[in-house]
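Scroll down for the structure; my scribbles are underneath it.
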Amino acid sequence: MSQTDSSTRIARVFCGTFVHSTPSAALQILENCVLGVNDKGKIAFIDKDSDVDSLSKTWGFDTAEIIKLEQYEFFMPGLVDTHIHASQYSYSGTALDLPLLEWLNTYTFPVEARYKDLDFANNVYTKVVKRTLKNGTTTACYFATIHRDASLLLGELADKFGQRALVGKVCMDCNSEVPHYRESPDECKEETDRFIIELLKKEYPRVKPVVTPRFALSCSPSLLSELGEIANNNKLHIQSHISENKQEVDLVKELFPDCKSYTDVYLKHNLLTDKTVMAHGCHLTDEELKIFHEKGVAISHCPNSNISICSGLLNVRNVLNHKVKLGLGTDVAGGYSPSILDAIRRALDTSKALTIQDPKHQTLTFEEVFRLATLGGSEALSLDDQIGNFVVGKDFDALRVNVCVPGGPIDLFPGEGTKVILEKFLNLGDDRNIAEVYVAGKRVVPFLHA
Ligand code: GUN
Ligand code: ZN
């Protein structure tokens, strides 16, 4: 690319410390670097700051305009939430006393039914988009509800506040004990078609539809097949839940006696592609993980939810050993926290609990979990050609972290280097430390409007 190419005008240049992951390094620390973002929001260059004079000539920017990070500040890639129910945000932090299937009928379906009311939807969806952005979620893969209009509204709000998002209108035509919260198969197919067409017609640059069968127990075989066809015909993302809780796995076996496993149910209905992300997977067998690998299907690891509603402990090490893509998810409101920083901590706790059970288990390191929260999430959503780390040509989705904010949650001591400072942020930090959030080069936090 040359500077005469109008598409590469440099919009912003940052100077300081950058931390990110690559496929071969869970943590790479780049100190004394300059990073240029072009006017399309893409990373144009990342180099040592000693080269700044020649870079400014090559790229035609004024060195006086470089934004210099303060001491104890760094940039890291934006956090990716690979599984969050925007519609459950209103009761996050509550209702964690029942196992999955009772939890759905008692708390979840009655609340989700309320999204027929667009004022209710607007209030909750505005709050969840803003809350997750403030906590550094630059990309979210959302479940909405069965309602087309409210699901479209979620897409509109993500676009308005500048969050990258996949938005799913939920599909479910059976086994809901809440009579006003289920669809007929025909209605579901028609509404899904219209949702996809209408969302694509908006041409939001970073908000796209995702085909969303709730899970095998909520969908008839014919609905699963229709959804597989819609996704494959339009090359769309797919999201659902799998093997979250043992009672659920047993019921799936009963309801789909012709299928060899839970994974086989989705396989037979053409729902397993390299754009599929399945939440939980706590009880998947190695045979099933092999199918995930072969098909390029990803797992969204939702450790807060897995513990909060007593579903199971996912062995991430085993998943990674099977070369299955894996990202982190909050799974609000089964998970009580909307923050991926919390998911990082719960993922480490879960891994340590597995080590307590079996000392031979190889505990995840904080660097590995940092990668899962960023690059891993981008791979799980098949967006790693666009986001996930600071590679030239990718979009600049990033957090400007300041570990030393006045009144903040972190104390530093002499001699602590970048690696320790990052570890402290991941374990102790919160939104007070996230000074700015960028999505595709645009600053989206602090918010322009209150
Ligand atoms: N399985 C089917 N629906 C849901 C849901 O809303 N939350 C969780 N955690 N699991 C599910
Ligand atoms: Zn979920």
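Residue numbers for the sequence shown follow the numbering used here, beginning at 5 and rising by one.
All C-beta atoms in this analysis are idealised placements derived from N, C-alpha and C, irrespective of residue type, glycine included.
- In this structure, the ligand ZN has no non-hydrogen atom nearer than 7 angstroms to the beta-carbon of His305.
- According to DSSP, residue pairing for Phe22 in a beta bridge involves Leu34, Phe79.
- For Val424, the enclosing alpha helix (DSSP H) starts and ends at 422-432.
- For the 8 angstroms CB-CB criterion, Leu83 and Gly166 do not form a contact.
- For Ala48, the enclosing beta strand (DSSP E) has its first and last residue at 47-52.
- Here DSSP, grouped into helix, strand and coil, assigns Gly380 to helix.
- In the structure shown, the three-state DSSP call for Asn325 is helix.
- Collapsing the DSSP output to three states places Gly331 in a strand.
- The chain-ordered list of residues whose CB is nearer than 6 angstroms to some heavy atom of the ligand GUN reads His89, Leu104, Leu108, Thr112, Arg218, Phe219, His245, Glu248, Ser309, Asp335, Gly338.
- Within the same chain, Ala30, Leu31 come within 7 angstroms of Glu371 by CB-CB distance, once the 5 residues on both sides are set aside.
- Counting along the chain, the unbroken beta strand (DSSP E) around Cys145 starts and ends at 141-147.
- Uninterrupted beta strand (DSSP E) stretches at least 3 residues long and entirely within the segment 247-315 occur at 280-284, 302-305, given in chain order.
- Per DSSP, Val215 is one residue of the beta strand (DSSP E) stretching across 211-217.
- Under the criterion of beta carbons closer than 8 angstroms, Asn406 and Tyr76 qualify as touching, at roughly 6 angstroms.
- In this structure, Lys131 lies away from Phe400, with their beta-carbon atoms at least 8 angstroms apart.
- Looking at Asp435, Ser60, Met80, the one whose alpha-carbon comes closest to that of His24 is Met80.
- Of the candidates Phe22, Val41, Ile33, Glu35, the residue whose Cα lies closest to the Cα of Ala15 is Val41.
- Gln366 carries a coil assignment under DSSP once its states are collapsed to helix, strand and coil.
- The continuous beta strand (DSSP E) containing Val449 extends over residues 446-449.
- Taking 7 angstroms as the cut-off, the C-beta of Ala283 counts as close to a heavy atom of the ligand ZN.
- Per DSSP, the beta-bridge partners of Ser244 are Met282.
- Straight across, the Cα-Cα distance linking Pro418 with Val409 is about 17 angstroms.
- Taken from the Cβ of His287, every heavy atom of the ligand ZN lies 7 angstroms or farther away.
- Shortest gap from the CB of His241 to any heavy atom of the ligand ZN: 7 angstroms or more.
- For His87, the Cβ falls inside the 7 angstroms cut-off from some heavy atom of the ligand ZN.
- Judged by DSSP secondary structure, Ala351 falls within the alpha helix (DSSP H) whose first and last residues are 344-361.
- In this structure, the alpha-carbon of Pro261 lies about 29 angstroms from that of Leu330.
- When C-alpha distances from Thr267 are compared across Ile313, Ser244, Ser94, the shortest belongs to Ser244.
- A direct Cα-Cα distance of roughly 36 angstroms separates Gly97 from Lys239.
- DSSP places Lys138 in the helix class (H, G or I) of the three-state scheme.
- Between Leu231 and Met176, the alpha-carbon positions lie close to 11 angstroms from each other.
- Pairing Gly333 with Ser312 gives a Cβ-Cβ distance that is not under 8 angstroms.
- Two segments are said to touch when three or more pairs of C-beta atoms, one from each, lie closer than 8 angstroms; by this definition the segment 179-195 touches the segment 207-227.
- Taking one beta carbon from each stretch, the segment 272-283 and the segment 296-304 have 3 or more pairs nearer than 8 angstroms; the two touch.
- In terms of CA proximity to Cys314, Trp107 leads the group Trp107, Phe78, Thr21.
- With respect to the C-alpha of Glu233, the residue from Lys272, Val256, Ile246 having the closest C-alpha is Lys272.
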